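Heads up: the structure comes next, in structure tokens.
Numbering (my numbering), first residue to last: 150 to 439.
This is the structure:
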């Protein structure tokens, strides 16, 4: 059986076709994949409805830690997408799970993050320390922070320079947006801190770390070859899928364009204009398999 993307001229291997036949769950990046900033892609609602009709579950995975799951539910609702808290797994949730499992001694955190994210950590039992040299943390946590102040950036640099355990929620350089601006993300803030302190994070928890995908498999009792990851970034979404052994689907509706794909040594399993093309291919595979 030969399946080819007519627009990009890409023919998919038998291995990819077989994995599409076995697909039981798809992890979906958000910004650049199902929407861009505050603009929902026109195919998103139909895509999600068809996944349910085909018996394929889905989860929303995002490296954006600025909002909790309930915030994302409300955000999608405003765009006409019905979702529930259990369908989301954010980099802040992954960081909470990581710290509790691997560093239970880190209770007091100096957090570079939004009030919503700080509240999420406090609700999970962590203490957010003040911007005060006498309020010593166990660790420094740096995230995408749209409320970042110079004072807190300097305090983070101070504690990092003092050798505190240093965690970042995600490596993204910028956050996708449909506005005429550049949203400086966690990875860029970490570069600033590295220039000031000489230290990189001890661990970056979000994508491309495979833990987020592994958690999806554990939650639904699935094997990696029954799961796909769809996203618009090679260095986060696709690399995580590859590290976890899941089907990697790159969509060109966000950050990455074909010149970047062409220059990438380890290619994604699938490269598509957007999720509507993936749905067309998936339905063709399922129809011809009957």
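The beta-carbon is built from N, C-alpha and C at its ideal position, and this holds for glycine as well. Remember, it's a predicted structure, so these values are computed and weren't measured experimentally.
Residue-chain proximity (residue i, chain D), Cβ-Cβ < 9 angstroms
| i | result |
| --- | --- |
| residue 379 | You won't find chain D in this structure, because it holds only one protein chain. |
Cβ neighbours of residue i in the same chain (closer than 7 angstroms, five flanking residues each side left out)
| i | result |
| --- | --- |
| residue 199 | 428 |
| residue 357 | 384, 385, 388, 389 and 392 |
| residue 267 | 260 and 277 |
| residue 308 | 259, 286 and 289 |
| residue 332 | 323, 324 and 326 |
| residue 373 | 366, 393, 394 and 395 |
Outcome for residue i when other beta-carbon atoms lying within 10 angstroms are tallied against a minimum of 16
| i | result |
| --- | --- |
| residue 313 | buried |
| residue 121 | The chain is shown only over 150 to 439; residue 121 falls outside these bounds and no answer can be derived. |
| residue 269 | buried |
| residue 174 | buried |
| residue 240 | buried |
| residue 242 | buried |
| residue 283 | exposed |
| residue 306 | buried |
| residue 347 | exposed |
| residue 163 | exposed |
| residue 294 | buried |
| residue 296 | exposed |
| residue 178 | buried |
| residue 330 | exposed |
| residue 453 | Because the chain is modelled from 150 through 439, residue 453 falls outside the range shown and cannot be assessed. |
| residue 407 | exposed |
| residue 218 | buried |
| residue 377 | buried |
Contact under 9 angstroms by Cβ, residue i with residue j
| i | j | result |
| --- | --- | --- |
| residue 176 | residue 383 | no |
| residue 362 | residue 395 | yes |
| residue 212 | residue 403 | no |
| residue 398 | residue 380 | yes |
| residue 280 | residue 304 | yes |
| residue 246 | residue 360 | yes |
| residue 345 | residue 300 | no |
| residue 235 | residue 207 | no |
| residue 197 | residue 165 | no |
8 angstroms Cβ shell around residue i - same chain, five flanking residues per side excluded
| i | result |
| --- | --- |
| residue 232 | 209, 221, 222, 225 and 226 |
| residue 350 | 291, 315, 316, 317 and 339 |
| residue 254 | 287 |
| residue 256 | 274, 275, 276 and 287 |
| residue 265 | 215, 216, 217 and 220 |
| residue 421 | 154, 157, 398, 399, 400, 401, 427 and 430 |
Rounded distance between the beta-carbons of residue j and residue i, thought under 8 angstroms
| i | j | result |
| --- | --- | --- |
| residue 278 | residue 250 | About 22 angstroms; that fails the 8 angstroms criterion. |
| residue 327 | residue 187 | 7 angstroms |
| residue 444 | residue 215 | There is simply no residue 444 to check, as the chain begins at 150 and stops at 439 in what is shown. |
| residue 334 | residue 341 | Rounded, the Cβ-Cβ distance is 12 angstroms, inconsistent with contact. |
| residue 400 | residue 423 | 5 angstroms |
| residue 193 | residue 205 | Not a contact, Cβ separation roughly 15 angstroms. |
| residue 189 | residue 228 | 4 angstroms |
| residue 319 | residue 353 | 7 angstroms |
| residue 434 | residue 171 | About 10 angstroms separates the two Cβ atoms, so there is no contact after all. |
Spatial neighbours of residue i in its chain, beta-carbon cut-off 6 angstroms, leaving aside the 5 residues before and after
| i | result |
| --- | --- |
| residue 248 | 255 |
| residue 336 | 320, 321 and 322 |
| residue 431 | 169 |
| residue 375 | 171 and 173 |
| residue 244 | 318 and 354 |
beta-carbon residue i near the ligand GDP non-hydrogen atom, thresh 8 angstroms
| i | result |
| --- | --- |
| residue 164 | For the ligand GDP, the structure offers nothing, since it holds no ligand at all. |
Unbroken stretches of the alpha helix (DSSP H), 4 residues or longer, contained in the stretch 315 to 386: The stretch 315 to 386 contains these whole alpha helix (DSSP H) runs: 335 to 346 and 360 to 369.
Inside the stretch 211 to 262 only - alpha helix (DSSP H) runs reaching at least 4 residues: The DSSP assignment places 218 to 227 and 240 to 251 as complete runs of the alpha helix (DSSP H) inside the stretch 211 to 262, in order along the chain (cut-off: 4 residues).
Whole runs of the alpha helix (DSSP H) within the stretch 409 to 438, excluding any shorter than 4 residues: DSSP runs (the alpha helix (DSSP H)) wholly in the stretch 409 to 438: 424 to 437.
Alpha helix (DSSP H) runs wholly inside the stretch 274 to 320, at least 4 long, in chain order: Whole alpha helix (DSSP H) segments, 4+ residues: 299 to 310.
Any beta strand (DSSP E) of 3 or more consecutive residues that is wholly inside the stretch 167 to 195: Whole beta strand (DSSP E) segments, 3+ residues: 174 to 177.
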